[in-house]
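Quick note, the sequences are listed as chains A and B, same order. Going by the working numbering, the first sequence opens with residue -6, and the numbers climb by one from there. Going by the working numbering, the second sequence opens with residue 389, and the numbers climb by one from there. For glycine and all other residues, C-beta sits at the position ideal for the given N, C-alpha and C.
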Amino acid sequence: MKQKSISLITIFALFLAGAFMPSILKQYHLNMLTEIIIFSLYAVSYNLLLGYAGLLSFGHAAFFGLGAFATAVAITHIPGISLWNVILIGIAATLIAGFVLGGLLLRHKGSYFALLTLAFNALFYAVATKWHSVTGGDDGLSITRPDLNLGFTSIPLNSLTNFYYLTLVIMGAAIVFCWYFTHTAMGKTVLLMRENEDRMKFLGYNTNISRLILFTFTGVIAGFAGVFYTFHFQFVSISAISIDMTTAVLLMVFVGGKKTFWGPILGAFVYIILQNYLSNITDRWPLVMGVIFIIMVLYAPGGLSELIINIKQRFFGKKNNNGDKSATPEEVTS
Amino acid sequence: MSDYLHIQDIHKDFSGLKVLTGVEFKVKQNERHAVIGPNGAGKTTLFNIISGKFKPSSGAILFKGEDISGKPSHVLNRHGLSRSFQITNVFQELSVFDNILSGVRSCYGLRYHFFKKPNHNRSICEKVETILKEVGLTDVQDQPANSLSYGQQRAMEIGITLSTEPELILLDEPTAGMTREETDQAIKMIDKVTAGRTLIVIEHDMEVVFSLADTISVLHYGTILVSDTPEKIRNDQRVKDAYLGEG
């Protein structure tokens, strides 16, 4: 109850702050913030797999890229399609892909699971590269954002501010839903999967179904972020579906910390900001990112969120005096 | 009326190693049935087969007249069968409350729901609290499982086993590794919480077996040597030779 109201106030405050950003930030920074919000959802979806369910996937970009390509392909090939239908197509494509891939992968664990997801990602990448007539191959696809039709009025999305608000509301709502999800029955089942899949079976849980539901769900959420990725850049290239996109999300989650819900969001902030500034300085920015990743994994495996929690506990006393051990599950579930 | 549980001629080979060679015994409803036998006799393998972890090589398990052998564990659990583990097998990083909750909500059908929060369901929470009280873990319900003492972890193991409201309970060495005092307490608790249900228990501690069980089956080299009341088992020459006589 106290925890809950703090969370709700935080969410409200973040949305409110987000609403004022266009009047504060310059276009360049607003652009970056839009990108951050989209990647936050992508990172949150990945953390539901990695941090919550303990499943290491190297194929998350397959869903992100599928959502991104489905959007571009739909807008290119269906003239006059509405924004809502584009989103629906993106979600439907990732839903089907998640269900099929999940069905093929659900019996595999650990490194087998990781390698198979990597193989599927490579397969998706190959299709995107070779199927030139649909995906544009190496050239990618350029689109223009459809207008936002609200029934009574139509809002043009070619202005960045309007698109920023749409992203803030829809991607923000999706992140809030993911947060809500972690408290629901299925969200708690995900934690059981991480903790002890064997014991779950003896409590009446079908672990295959649990895995399939989670894999499909996180795939759809990643695809949803992919849809907005294409909207945002008004362009999609094969880099959206490449292994690099999986590495990017891994970095975000690790840098932000996989033990908390908000860690990956923080990770997305840091990643996108660093990427933007570093790529201005040098073309070899991935090198710097790599070094940061190594340092984080070696010295702060809990990511920035753990560092922040530790600092908070040091300076503001020990409010929850149950010792360090109790902090971990509480954070994951709260 | 057919028997409540009938283990029929169960065989289990692990790639040539014959662990069970024709296990046969019956359990009546509300009976407290103990399975004893020396190390390596196949007791845990037998439990793994009854609870669906392994498939038997041959034979049948009739539960209320229906053959349940080879059915997956989660299906058996929904049929009313629940088991505990010899080596504590819980959700280590979750709180004690969440550990018990995992079984209770499963029993209420809240396994994969995307919108309902199990903590908001009053009858589920009350049920969890009742179980916590029964196994004596109310004071530590918010602590993570891995912070509990060994005895508390064993109690939680039983709490989780009870959490799906089973009618048939299999306990695999519930007092393993406990001190005399802890064992006595555990037995009292088990006796209380399993009242009105059918219990099959694997146990090494003879004191536990003779104080808890109505019927004892002696498993010896993959087969049931004898299955009878504690009095008769105590005086059975074959059992003395094979097992009890050692001590």
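- Taken through DSSP and simplified to helix, strand or coil, K400 (chain B) comes out as strand.
- When C-beta distances to chain B are compared with 9 Å, the residues of the region 176 to 201 of chain A below that value are H176, T177, A178, M179, G180, K181, T182, L184, L185, R187, E188, N189, D191, R192, M193, K194, F195, L196, G197, Y198, N199 and T200, in chain order.
- Assignment of beta strand (DSSP E) within the region 214 to 277 of chain A, counting only whole runs of 3 or more residues, yields no such run.
- Taking 9 Å as the CB threshold, S203 (chain A) lines the interface with chain B.
- Residues of chain B whose Cβ lies closer than 7 Å to the Cβ of I206 (chain A) are, in chain order, Y500.
- Rounded to whole angstroms, the separation of the alpha carbons of E514 (chain B) and G491 (chain B) is 13 Å.
- DSSP links N142 (chain A) through a beta bridge to A:S147.
- Residue environment analysis places Q(-4) (chain A) among the exposed positions, since fewer than 16 neighbouring C-beta atoms fall within 10 angstroms of its C-beta.
- Q20 (chain A) counts as exposed, since fewer than 16 other C-beta atoms from the protein chains shown sit within 10 angstroms of its C-beta.
- For Y45 (chain A), the number of other beta carbons within 10 angstroms of its own is at least 16, and it is reported as buried.
- Rounded to whole angstroms, the separation of the alpha carbons of S33 (chain A) and F479 (chain B) is 29 Å.
- Within the same chain, Q396, D397, I398 and H399 come within 6 Å of G447 (chain B) by CB-CB distance, once the 5 residues on both sides are set aside.
- Near chain B, meaning a CB-to-CB distance below 9 Å, the residues of the region 143 to 174 of chain A are Y173 and F174.
- The beta carbon of K194 (chain A) lies closer than 8 Å to those of T200 in the same chain, with the five residues before and after it left out.
- With a 10 Å radius around the Cβ and a threshold of 16 neighbouring Cβ atoms, L1 (chain A) comes out exposed.
- With a beta-carbon spacing of about 5 Å, L134 (chain A) and V229 (chain A) fall inside the 8 Å limit used to define contacts.
- Here D602 (chain B) carries a coil assignment [DSSP, helix/strand/coil].
- By the criterion of at least three beta-carbon pairs nearer than 8 Å, the region 57 to 72 of chain A is in contact with the region 210 to 220 of chain A.
- Identification of residues in the region 442 to 459 of chain B having a C-beta nearer than 7 Å to some C-beta of chain A yields an empty set.
- P426 (chain B) is outside the set of residues whose beta carbon lies under 9 Å from a beta carbon in chain A.
- Taken in chain order, the members of the region 524 to 538 of chain B whose beta-carbon sits within less than 8 Å of a beta-carbon on chain A are D530, Q531, P532, N534 and S535.
- Taking C-beta atoms under 8 Å as the contact rule, L7 (chain A) and M14 (chain A) fail to qualify, at a distance of about 11 Å.
- The DSSP assignment places complete alpha helix (DSSP H) segments of no fewer than 4 residues inside the region 479 to 505 of chain B at 484 to 495, in order along the chain.
- Not a single CB atom of chain A sits nearer than 9 Å to the CB of P562 (chain B).
- Think of a sphere of 9 Å around the beta carbon of C495 (chain B): the chain A residues whose beta carbon falls inside it are L196 and G197, in chain order.
- Look at K(-5) (chain A) here: in three-state DSSP terms it is helix.
- Listed by position along chain A, the residues whose Cβ is nearer than 8 Å to that of G491 (chain B) are L196 and G197.
- Interface criterion not met: the Cβ of I519 (chain B) is under 9 Å from no Cβ in chain A.
- For R187 (chain A), the three-state secondary structure derived from DSSP is helix.
- Given a length threshold of 4 residues, each whole run of the alpha helix (DSSP H) inside the region -4 to 49 of chain A is given here in chain order: 20 to 40.
- Residue state for H176 (chain A) is assigned as coil, using DSSP reduced to three classes.
- Each residue's CA atom was taken as its position, placing R493 (chain B) and L291 (chain A) some 39 Å apart.
- The C-beta distance from T563 (chain B) to I546 (chain B) rounds to 10 Å, too long to meet the 8 Å contact threshold.
- The region 506 to 565 of chain B contains, as complete beta strand (DSSP E) runs of 3+ residues, the segments 556 to 560 (chain order).
- Burial check for P149 (chain A): the Cβ neighbour count within 10 Å stays below 16, so the residue is exposed.
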